[in-house]
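Right, one structure below, let's go through it.
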Amino acid sequence: MEFILDTADLEAIKDLDRLLTVAGVTTNPSIISSTGMDPETVIGNLVDYLSPEQKLFVQTVQTSVDGILEEARWISQLRPKNMYVKIPVTHEGLEAIKQARNEGMHVLATAIYSPDTAFLAALNGADYLAPYVNRMCNYGDGVQQVIDLQRMLDAQHVPTKIVAASFKNADQVRRLIAAGIQAVTVPPAVAYTMIGHPGVQIAVDEFTAAWQKAYGRTTLRA
Ligand code: E4P
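The sequence shown runs 19 to 240 under the numbering used here.
Structure (structure tokens):
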């Protein structure tokens with residue numbers, strides 16, 4: 019199971035990477051442009067920060083097959099390993115995914131709104147599929163559709179992994195983890211919600227107060 023961060027906010031990545039086991043970082047053009055920094059700097063900072071074992075996912079911006087492939091080749095050479103190209107599943111994107119895989123690139127098929135498109139992108143060789151869970155919820159039960167997609171892959175013995183994306187709350191993440199999804203990518207706000215239950219600090223304060231009252235100190239040993 020891979021827990022991935024869906025952000026280009028380096029400070030949030032560093033903070034959560036200290037606290038949690040972070041398998042990698044996903045970005046997209048909206049995420050990178052929201053930093054207000056130029057894309058080469060943002061991508062360069064992520065390449066410099068992540069350990070070789072952590073995965074980095076960078077999305078193409080051009081929309082023609084040739085344009086996608088040109089950017090995919092540039093993205094692929096940014097790191098010696100664990101570098102993934104995100105390609106949206108437009109018709110041009112599906113063609114580019116096939117070609118990129120033939121060239122040996124690692125590919126994540128993204129902007130997925132339906133299990134059908136996702137499954138066909140998997141047959142094109144995509145390593146990962148990123149269904150947009152919350153956006154899919156605008157059209158029905160996005161969580162259930164991702165579970166259906168996992169069943170389709172399992173039933174047909176297709177090894178492509180799902181990295182569920184576009185989360186807006188912790189409940190969506192929890193339901194998919196419980197259903198056995200192999201990877202999730204979550205924005206920092208959702209990750210902090212998952213580890214930010216106020217009851218934890220209340221419990222710790224109670225323990226400290228009890229200890230202080232009984233022993234006059236806040237350490238285990240005098
Ligand atoms: C991640 O790979 C996706 O690009 C991202 O989760 C999309 O999220 P959004 O729906 O918040 O744009």
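Positions of the beta carbon are idealized from the N, C-alpha and C atoms, including for glycine.
Just mark residue i as buried or exposed, buried being the case when its beta carbon has 16 or more other beta carbons within 10 Å.
i           : result
residue 163 : buried
residue 233 : exposed
residue 218 : exposed
residue 184 : buried
What is the DSSP secondary structure of residue i, counted as helix, strand or coil?
i           : result
residue 1   : Nothing can be reported for residue 1: it is not among the residues displayed for the chain, which extend from 19 to 240.
residue 75  : strand
residue 137 : helix
residue 145 : coil
residue 185 : coil
residue 44  : strand
residue 29  : helix
residue 239 : coil
What do you reckon, is the C-beta of residue i under 7 angstroms from a heavy atom of ligand 1?
i           : result
residue 184 : yes
residue 48  : yes
residue 152 : yes
residue 44  : yes
residue 27  : no
residue 24  : yes
residue 135 : no
residue 226 : no
residue 211 : no
Can you give me the Cβ contacts of residue i inside the same chain, cut-off strictly under 6 angstroms, excluding the 5 residues immediately before and after it?
i           : result
residue 197 : 165
Between which residues of its own chain and residue i is the CB-CB distance below 7 angstroms, once the five residues before and five after are set aside?
i           : result
residue 70  : 99 and 100
residue 34  : 23, 40, 206 and 209
residue 86  : 78, 80, 105, 110, 111 and 114
residue 161 : 151, 190, 193 and 194
With which residues is residue i paired in a DSSP beta bridge?
i           : result
residue 20  : 201
residue 106 : 128
residue 179 : 146
residue 55  : For residue 55, which the question treats as bridged, DSSP gives no partner whatsoever.
residue 101 : 74
Short of 8 angstroms in beta carbon distance, which residues of its chain neighbour residue i, apart from the five on each side in sequence? Order them along the chain.
i           : result
residue 52  : 26
residue 116 : 142 and 143
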